[in-house]
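Top line first, the protein sequences correspond to chains G and P. Read in full-length UniProt numbering, the first sequence has 178 at position 178, and its numbers run on one by one without any break. Read in full-length UniProt numbering, the second sequence has 204 at position 204, and its numbers run on one by one without any break. The block underneath contains the structure these notes are about, expressed in structure tokens.
Number of protein chains: 2
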Amino acid sequence: MDKHKLIECHERIKPFIHNTPVLHSRLIDGIASSTIFFKCENFQRMGAFKMRGAANAIMQLSEGQKQNGVVTHSSGNFAQALSLAAQSLGVTAYIVMPSNAPQVKKDAVKEYGGRIFECEPTLLARKTATKKIQQEKGATFLHPSNDDAVIIGQGTACKELLELHPNLDYVFAPVGGGGLIAGTALAANYFGNNCKVIGGEPFEADDAYRSLLSGTIETNTTTNTIADGLKTQLGDRNFPIIQEYVERIVRVSEEEIISSMRIIWERLKIVCEPSCAVALAAVLKEKEVFRSKKIGVIISGGNVDLGKLPF
Amino acid sequence: MDKHKLIECHERIKPFIHNTPVLHSRLIDGIASSTIFFKCENFQRMGAFKMRGAANAIMQLSEGQKQNGVVTHSSGNFAQALSLAAQSLGVTAYIVMPSNAPQVKKDAVKEYGGRIFECEPTLLARKTATKKIQQEKGATFLHPSNDDAVIIGQGTACKELLELHPNLDYVFAPVGGGGLIAGTALAANYFGNNCKVIGGEPFEADDAYRSLLSGTIETNTTTNTIADGLKTQLGDRNFPIIQEYVERIVRVSEEEIISSMRIIWERLKIVCEPSCAVALAAVLKEKEVFRSKKIGVIISGGNVDLGKLPF
């Protein structure tokens, strides 16, 4: 990967994504003792940054591959992203979802034209169902985070942020499967002015923190976090990028996540997922370290169940 | 009032307000069967359109008046708006608030530099306290909605919306004290291309609807509505403007308000007050009437108690 690949990717997906707004709050600056610009991917199409990587991954396929469709297993934002990106590009998306996935998630995928295949809620059933669709339909499997085209696509959010604010000292992003933080780190490296990237991760799902320490991909020992988008683990495509380009990872508690989420909702007046709040929580956790710095925070998505808010 | 007064007002207050973003959602368009552009005054400074009118009203004062400060009675957004506008302009703001006002509202006023005078929660006590400050401090009383400078200031939100989308068929705004709807109606008349303005009002606080019918300012018989910003009544400065320039008022139920609020939060991913949802609820209530039209909706503010959401 290099700078030009990310530039080409951005040009390629521009017709299918929003250049999302960047918000700023003097009151949050006051709380943080720094200047923070929030890149609001909750306003992205289908409500999350995942639209970027999904669009890029599909567009990188050959015409023959596109005709046979794409398949993924996800009950989260990537399922919606792949469905909408595929619909926008005239491609069929097959989504393998566990039978116990919330109805609202299934409805969202259907709304965007995704074709759902339900399976038992086990890892084996999920893999078997996915394999079957690959074989029967000839569909191409796309991974939500461990795919070069997806990683580069996710990096375009940070690229847009740096186009508006070229002199950021830091960009913070949450760490889940690793696609967003890896893409963000590449973009900051290519387009920033000595801009460092720091990940935010819940103590309750700190696989990436421990992976950076041990030098090998670790799994989560618990996933007891409100940040439900961050329960996944890193992969062999994104981990080397994270090792090379991510400064470090700051872990935060559930209380810190909820408190930061409340700050974002109350002060920025936006609806965001708990996962997004992890990045702000990381800034606030070490506010003395980042005092007076210019900081970007990636607000990763806004698909939240309003019936299950923590406040 | 004329077109040039509104243009001058807008130029005057521009350094003190945000030109707030306009959001659009294909999914909401699908629900409404029309094209809706949301002018997001929840992103305005202090979180509501009231900043516009407050800034304009203070800037219209003489130097001598500014030195003696301004006073209002409000426990809502105008208290915060007057405090922040005054602070930005180096003027003292005295805010008369009932002693039983929520602590969070008092804190917000203090945060913006307003000086709070508490009074008993009665109309008489409020008026007495206000009068006392006018006499003792020489402060100028500014009304939250029944003041020409305030009305014109509120109209700048619709002016900005029409600058982006000049061919709107309709603009919807909620009707509370009448300042926003009157200013919106003036702006649509001056800057729209045959753009009609329609008010949204809860059945439970339908004083303006009845005022237009009877031709005289009516009071609310109930104020049992979740839209707590809309419990006030019209005044003699804004009522004639509303009579002349507002097409009509559509009343909506509490269920319709909550349902529309949920649509805004879930689809636009923004935090807004129940009052804002009244305007969208009015569009949806008569969606057949407005089918295929280009519609603006003023999202009036985002200062909501996250601990008391209706979902």
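Where a beta carbon is used, it is the ideal one built from N, C-alpha and C, also for glycine. No experiment lies behind these values; they were computed from the predicted model shown.
Roughly how many angstroms separate the alpha carbons of residue i and residue j, rounded to a whole number?
i	j	result
G/GLU63	G/LEU89	11 Å
P/SER275	P/VAL250	14 Å
P/MET59	P/GLN87	12 Å
G/TRP265	G/GLY229	18 Å
P/HIS143	P/GLY183	15 Å
P/PHE172	P/LEU280	8 Å
G/ALA187	G/SER300	16 Å
G/LEU168	G/ILE28	17 Å
G/GLY235	G/TYR209	14 Å
G/ILE198	G/ALA81	25 Å
P/ASP207	P/GLU244	17 Å
P/GLY177	G/LEU23	30 Å
P/SER214	P/PHE239	12 Å
G/THR156	G/ASN189	12 Å
P/MET97	G/THR223	47 Å
P/ASN303	G/LEU123	44 Å
P/LYS110	P/LYS50	17 Å
G/THR130	G/ALA101	16 Å
P/LEU61	P/ARG126	23 Å
P/ASN220	P/ARG237	18 Å
G/ASP147	P/SER75	53 Å
P/VAL283	P/SER33	10 Å
P/ARG115	P/LEU309	29 Å
G/GLU8	P/GLU8	45 Å
G/LYS106	P/LYS287	27 Å
G/ILE217	G/ARG26	39 Å
The beta strand (DSSP E) spanning residue i covers which residue range?
i	result
G/HIS73	70-73
P/GLU247	246-252
G/LYS293	It is not in any beta strand (DSSP E) - G/LYS293 carries neither H nor E in the DSSP assignment.
G/CYS119	115-119
G/VAL283	Unbroken run through G/VAL283 is the alpha helix (DSSP H), 274-285; no beta strand (DSSP E).
P/VAL150	Careful: P/VAL150 lies outside any beta strand (DSSP E), inside the alpha helix (DSSP H) at 148-164.
G/LYS14	Careful: G/LYS14 lies outside any beta strand (DSSP E) and carries neither H nor E.
P/ALA173	170-174
Of the residues the options, which one's Cα is nearest the Cα of residue i?
i	options	result
G/LEU212	G/ILE242, G/GLU201, G/HIS4	G/ILE242
G/LEU6	G/ALA149, G/GLY69, G/THR20, G/PHE37	G/ALA149
G/ALA93	G/ASN68, G/ASN194, G/HIS24	G/ASN68
G/ILE295	G/ILE17, G/THR35, G/CYS9, G/ILE31	G/THR35
G/GLU118	G/ALA79, G/GLU41, G/TYR112	G/ALA79
G/ARG267	P/SER25, P/ARG45, P/ALA125	P/ARG45
P/ARG52	P/THR128, P/ASN194, P/GLY179, P/THR216	P/GLY179
P/HIS18	P/CYS40, P/SER83, P/ASP2, P/ALA277	P/CYS40
P/HIS4	P/ILE152, P/GLU136, P/ALA108	P/ILE152
residue 346 of chain P	P/PRO174, P/GLU218, P/GLU256, P/MET261	Chain P is shown from 1 up to 311; residue 346 of chain P falls before or after that span and cannot be answered.
G/ILE181	G/PHE141, G/GLN233, G/GLU136, G/LYS132	G/GLN233
P/TYR112	P/GLU8, P/LYS106, P/VAL104, P/LEU84	P/LEU84
G/THR225	G/MET1, G/VAL104, G/GLU273	G/GLU273
Look at residue i and residue j and say whether their C-beta atoms are less than 9 Å apart.
i	j	result
P/ILE258	G/VAL271	no
G/VAL71	G/GLN154	no
P/PHE43	P/PRO21	yes
G/GLU204	G/GLU254	yes
G/SER99	G/GLU120	yes
P/ALA55	P/ILE13	yes
P/HIS10	P/LYS159	yes
G/LEU162	G/ILE298	no
P/TYR170	P/LYS285	no
P/PHE311	G/LEU306	yes
G/SER260	G/VAL278	yes
P/PRO166	P/GLY138	no
G/ILE31	G/ILE263	yes
G/LYS132	G/VAL91	no
First and last residue of the alpha helix (DSSP H) that includes residue i?
i	result
G/VAL109	103-111
P/GLU201	It is not in any alpha helix (DSSP H) - P/GLU201 instead sits in the beta strand (DSSP E) that spans 196-202.
G/ALA129	123-137
G/THR184	179-191
P/ILE36	Here P/ILE36 belongs to no alpha helix (DSSP H); instead the beta strand (DSSP E) covers 35-40.
G/PHE78	77-88
In this structure, does DSSP put residue i in helix, strand or coil?
i	result
P/LEU213	helix
P/PRO240	helix
G/MET59	helix
P/LYS269	coil
P/MET97	strand
P/PHE49	coil
P/LEU234	coil
G/PHE141	strand
P/LEU6	helix
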